Structure formats: structure tokens, C-alpha cells
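For the first sequence, the numbering used here puts the final residue at 443, and the numbers step up evenly by one. Glycine included, each C-beta is placed from N, C-alpha and C at the ideal position. Here the structure is a predicted model, which is why all the values come from computation and not from measurement. Note sheet for the following structure.
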Amino acid sequence: MPSVEARLFHGTRDVLPAELLPQKELVATLTRTFEAFGFAPVETPAMEFVDILLGKYGADGEKLIYKLAYEDGHTLALRYDLTVPLSRLVAMHPELPKPFKRYQIQPVWRADRAQPAQGRFREFIQCDVDTVGTSSLVADAENLAVVHAGILASGMEGFLIKVNHRKLLRGMIAHAGLPATADKEVLRVVDKLDKIGLDEVVAELSKIGVDAAAIDKLVGLMNITGTPDAVLASAIERLGAEPAAVEGLADLRAMLGHARALGVPEARLRVDLSLTRGLDYYTGPVYEIVTTEIERFGSLGGGGRYDDLMSLFGGEPVPATGVSIGLTRLLTALVKLGKLKARESATDVLISRFPDTPVDAALACAATLRDQGFAVEWYYEADRLKKQFQYAERKGIPFVVILGASEIERGEAAVKHLATGEQVTMTRDAVAGWMRARLTPKA
RNA sequence: GUGGGUGUAGCUCAGUUGGUUAGAGCGUGAGAUUGUGGCUCUCGAGGUCGCGGGUUCAAAUCCCGUCAUCCACCCCA
């Protein structure tokens with residue numbers, strides 16, 4: 001067989017132990033958080049029929065769906081997100097008690113142009129929670145509370161949750177006297193406000209044919225800053241007479257009140273009237289989580305309410321809302337910030353030995369330590385002790401237990417704590433307690 | 001998808017106006033009187049100079065193409 005160069009498809013990645021060990025811990029924490037809010041897990045297949053996915057994301061998103069060249073190339077695709085597969089699943093299981101609250105931690109695929117430094121990949125893991133079957137804004141507030149708790153638990157410190165409302169956006173477009181069909185183009189420009197500045201936004205708006213009066217109204221709204229309450233109050237002042245906006249304003253006010261009651265700090269929340277979000281299926285509140293610690297980094301999560309999506313699979317419309325944490329992106333950010341406590345190995349203790357060590361007696365000792373709850377690794381070769389210690393050092397194993405013929409004979413063991421250099425020879429039943437007293441508790 | 005930059009060792013890079021066996025640091029392997037890690041020292045392994053073509057007596061170096069990758073935009077997790 002001809003040899004091929006070992007390589008990866010751009011935008012995909014291998015995850016090595018140093019990163020995957022902390023990632024697994026984070027997933028365990030997120031899982032506990034999700035379950036604490038009453039969400040239960042599901043998984044769905046990586047591939048779906050193409051027509052299940054088409055017509056849900058909008059033209060921009062649809063271009064990024066990976067279609068599989070299976071049969072005629074028009075039957076299967078890799079899932080693009082977890083929300084549409086969930087809707088399909090619920091449509092196929094009408095017997096599920098509503099509201100159906102599920103979480104799902106699985107990879108998705110997007111034929112994007114990858115940019116790893118910005119946390120942009122073609123394959124990445126999303127952690128979604130969704131509540132299907134209620135219009136209650138408490139469910140939306142719970143979404144905010146769940147992502148807040150989840151991101152905080154990851155060790156990320158600087159982040160904000162931006163919220164807006166699709167109906168409020170529609171009201172703003174109407175308020176400016178623009179046709180509803182113009183919203184996408186206009187809002188995309190306005191969304192760039194904090195990046196390119198006011199003058200540029202005005203220039204671009206007039207370039208796409210928005211008249212000066214409309215620009216004034218839009219920019220006036222976008223420029224409102226301050227606490228969520230202040231922004232809302234100011235928006236009510238300007239849009240209170242706009243029928244299209246009223247419901248959005250009321251929803252946001254209620255949702256934010258519930259979120260505060262659930263313990264989301266005021267300082268984490270921003271009402272951002274320029275937040276649009278590209279996916280077509282959102283109908284109500286929308287949210288996006290951004291880090292304030294890295295320039296030009298993609299969002300850490302996002303979501304919103306999508307009351308019309310379920311009806312696209314036939315049957316009755318079912319209200320639904322959900323939010324997603326971008327696990328791959330969150331981990332990338334933490335690595336970039338040096339906030340990931342990397343560890344090469346999950347091993348607590350290495351059993352080191354000598355040419356004269358009775359192997360089976362030492363293995364029995366390893367088995368005992370495992371029974372006592374330690375992760376124990378056996379050193380296979382009777383190498384120089386120096387080499388065995390170097391191995392433990394490089395893999396970040398905190399303890400080395402030294403077993404020679406004399407220790408085995410006397411029922412003893414020498415134990416060394418590498419971080420402090422402390423070493424004691426003791427009876428073997430004392431080893432577990434000695435190590436446990438020095439093992440830094442896992443966070 | 002649009003625009004710009006860069007491809008030399010596992011990683012970060014040097015390589016003079018084209019000129020013999022292409023270098024350094026880090027990492028990695030072995031060792032410094034055979035039961036002790038981090039520091040230091042010695043020695044070693046490792047390169048189709050992204051790939052293809054062209055110019056030339058001679059190309060890592062110049063030209064064309066191609067692929068890969070990075071950055072910004074777009075969009076988002």
C-alpha cells in the first residue's frame with residue numbers, strides 16, 4: 001500500500017489528554033447544571049435526511065450544510081445544529097410529556113471557513129438545552145440562568161449575555177418607516193456599530209438606500225446604552241407607540257425580571273438593540289454570550305425562542321425555546337487565556353519498581369490502591385529510577401510509590417509526593433491515607 | 001464566499017548579491033560509578049527546503065502554476 005501523509009481536514013482537530021481531561025470535567029459540571037434545571041439527555045444521529053435540515057436556517061446557513069455524497073448526493077447531510085434535529089425528534093414522538101426539557105452534548109458540522117484562533121471550526125461540540133411545549137418566558141429566563149452558570153463554572157470570567165427580541169427588531173424597522181423585507185440587510189449594517197463606528201454605519205446605510213430620517217431613527221435606537229432597565233425604558237419611550245414593538249418590549253422586561261430572580265447578576269446582562277442573529281427560525285427573545293477577554297472572538301453561545309419551527313414538521317405548532325453553549329469554542333478561549341488547568345494524565349500514583357521487585361506482589365499492591373479509589377499506573381520496565389521519576393513528572397502524576405524486594409518483604413512502601421519532594425517509608429496500609437491527605441481536591 | 005500574507009527539523013525561526021556535505025534554540029533519545037524527578041553538562045536521531053513545472057553550468061534563493069496554512073471581512077458555537 002502506498003504511504004500517505006498523516007493530516008487533518010482543515011477545521012477539524014484532535015484533542016489530546018491535556019485538553020480532553022479538563023474538557024471532560026467541564027462536561028460533567030455542565031451536565032449537573034442542566035439536570036439541576038430539570039433537563040434530561042438525548043442523542044440524535046450525526047446524519048439526517050437533507051430535507052429535514054433545508055429551509056430552517058436561512059440562505060446563509062443553508063450554504064454551510066455538509067451534504068453527503070451518498071447515493072445521488074441529495075439524500076443525507078451532517079447535522080448543522082442540535083435544534084432542528086430536536087424538533088424532528090419531538091415531531092416523531094408526540095407521546096412525550098410536555099413541556100419536554102432536554103439537553104444534548106454532541107458535535108455539529110458546518111462548511112464554514114475555519115479560523116481556529118477565533119474559535120471557528122468545521123466540526124465542534126455544542127451543549128444545548130431546550131424546552132419544548134411552553135410559551136412561558138420563565139423558560140427563556142432559565143436558558144439565561146443555565147448558560148450563566150455553565151460559562152461561569154468553566155472558569156471564564158469576563159463575559160456578557162446580550163439579549164434582544166425579534167419582534168422588537170421588526171418594530172424598529174417599522175418605526176424607521178422601512179419595509180419589513182429590508183430588515184436583514186439593514187440590521188446587518190447596524191450590527192457593526194461597535195466595530196466600525198457611527199460614521200461608517202451611517203455611510204453604509206445610505207449606500208444601501210436608507211433615507212436620512214430612517215437612519216436617524218435607527219441609529220438613535222442603537223445608540224442607547226446603559227443597564228438593561230435603562231435601555232428598555234428608553235426604548236419604550238421611543239417605540240411605545242409602535243404596535244409591532246410592544247410585545248417584544250414586554251417580553252424582554254418579563255424575561256429579565258425572571259432571570260434576575262433566578263440569580264443572574266444584572267451586570268452580566270445587556271439589552272442590545274443591534275443584536276440580530278442569523279438563523280431564520282427565531283421568533284421571540286434572542287440571546288448571545290460573548291467574551292470580553294479576547295478581541296475578535298466568536299460568541300460562546302447563543303439561542304432564543306423558535307415558536308414556529310415545530311410546525312414545519314407537520315402537526316400543531318408547539319412553542320419552544322433553547323440555548324447553546326459552544327463547548328469547543330469555550331475550551332479554545334480558555335486555552336488561549338491560559339485558564340485551562342492542563343493535565344497530561346488522570347493517574348494519581350505511579351508504581352515504580354526495580355529488577356528485583358516481585359512483580360505480582362507489587363501488582364497486588366496496585367490493585368489494593370485502586371480499590372481504595374486511586375488511579376494507579378504500573379511502570380512496565382525495570383528502568384533506572386531516574387527515568388521512572390521523569391515519566392511521572394512529565395505526565396503530572398502527583399505520587400510515586402516505590403516498591404523493591406525489601407519493601408515487599410517488610411510489608412512497606414516508600415511514597416513520594418512530587419510537588420513537595422516529601423518522601424516517607426511506611427506500612428502499606430498507611431499509604432492511602434498519607435496520599436489522600438496531600439491530594440489536592442479536584443475542582 | 002471576498003481580500004491580503006506566509007510555506008526550511010515535531011515547534012519557533014535563521015539562511016548573505018542564486019554557488020560545495022542547509023543551521024540555531026526549544027522539544028525529543030541515550031549518558032554523567034547501576035534505589036530518586038525538576039537544574040546543569042556531553043553525545044545522538046530527525047529536513048522530498050509544501051508540491052509541479054520553468055529560467056540557469058548551478059535554485060531553499062528568481063518566474064509561473066497548484067495545494068496548504070494564517071490574518072481580516074462575512075457569518076456564527
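### Task
Below 8 Å CB to CB, which residues in the same chain sit around R343 once its five sequence neighbours on both sides are set aside?
P17, A18, L21, P22 and G396
### Query
Based on Cα-Cα distance, which residue from L76, S352 and S135 lies nearest to Q390?
S352
#### Entry: Those residues which DSSP pairs with R270 across a bridge
K162
### Query
Hey, how far is the Cα of A419 from the Cα of S154?
25 Å
### Task
With DSSP collapsed to three states, give me the class of L68.
strand
### Query
Looking only at its own chain, which residues have a Cβ that is under 8 Å from the Cβ of M47, when we skip the five neighbours before and after it?
L68, L76, A77, L78 and R79
### Query
What's the call for H148, buried or exposed, on a 16-neighbour Cβ count within 10 Å?
buried
### Query
Roughly how many angstroms lie between the CA atoms of T291 and A259, to the nearest whole one?
19 Å
### Query
What distance in whole Å lies between the Cβ atoms of F39 and V129, which are believed to be in contact at a cut-off of 8 Å?
5 Å
### Query
How long is the line joining the alpha carbons of S87 and H175, rounded to whole angstroms?
34 Å
### Query
Who are the Cβ neighbours of L363 in its own chain at under 6 Å, not counting the five residues just before and after it?
none
### Task
Could you say if the region 223 to 235 and the region 119 to 128 meet the contact criterion of at least three C-beta pairs nearer than 8 Å?
no
### Message
So, at 6 Å on beta carbons, what are the nonlocal neighbours of D356 in its own chain, with the 5 sequence-adjacent residues on each side left out?
### Response
A405
### Query
Counting Cβ pairs, one atom from each stretch, are 3 or more of them under 8 Å apart for the region 263 to 271 and the region 40 to 59?
no
### Message
Considering only the alpha carbon of each residue, which of D183, V42 and G171 lies closest to I105?
### Response
V42
### Query
Beta carbon of R120, beta carbon of T12: below 8 Å?
no
### Task
Decide if the region 238 to 246 is in contact with the region 192 to 211; the criterion is three or more beta carbon pairs, one per stretch, under 8 Å apart.
no
### Query
For D211, which of helix, strand or coil comes out of DSSP?
coil
### Query
Measuring CB to CB, does G150 end up less than 8 Å from L331?
no
#### Entry: Cα-Cα separation, L168 to D51
31 Å
#### Entry: In DSSP terms, what L218 is bridged to
The partner list for L218 (beta bridge, DSSP) is empty, contrary to what the question assumes.
### Query
Between the Cα of L8 and the Cα atoms of T33, L64 and A114, which residue gives the shortest distance?
A114
### Query
Cα-Cα, which of T134, D229, R110 and A414 is closest to K101?
T134
### Message
DSSP three-state label for S352, please.
### Response
strand
### Task
Can you give me the start and stop residues for the beta strand (DSSP E) that E377 sits inside?
V376 to W378
#### Entry: Helix, strand or coil at K101 according to DSSP, with G and I counted as helix
strand
### Query
With a CB to CB cut of under 7 Å and the five nearest residues on each side skipped, what residues in its chain are close to A203?
none
### Query
Can you give, in chain order, each stretch of the beta strand (DSSP E) that sits fully within the region 228 to 304 and has at least 3 residues?
269 to 271 and 285 to 291
### Query
Alpha carbon to alpha carbon, how far is Y306 from V201?
29 Å
### Query
Taking C-beta to C-beta, are G55 and G278 nearer than 8 Å?
no
### Task
Jot down the residue ranges of each uninterrupted beta strand (DSSP E) in the region 118 to 164, minimum 3 residues, whole runs only, in chain order.
123 to 132
### Task
Grab me the residues of L187's own chain with a C-beta within less than 6 Å of its C-beta, minus the 5 sequence neighbours each way, in chain order.
T276
### Task
Report back the beta-carbon spacing between F34 and V146 to the nearest angstrom; my notes put them in contact at under 8 Å.
7 Å
#### Entry: Simplified DSSP assignment, three categories, for K442
Confidence at K442 is low in this model, with a pLDDT of 49, below 50, so the placement of that residue is unreliable and no value is reported for it.
### Query
In terms of residues, what are the limits of the alpha helix (DSSP H) holding E185?
D183 to V190
### Query
Based on Cα-Cα distance, which residue from G326, G338, F37 and R394 lies nearest to S345?
R394
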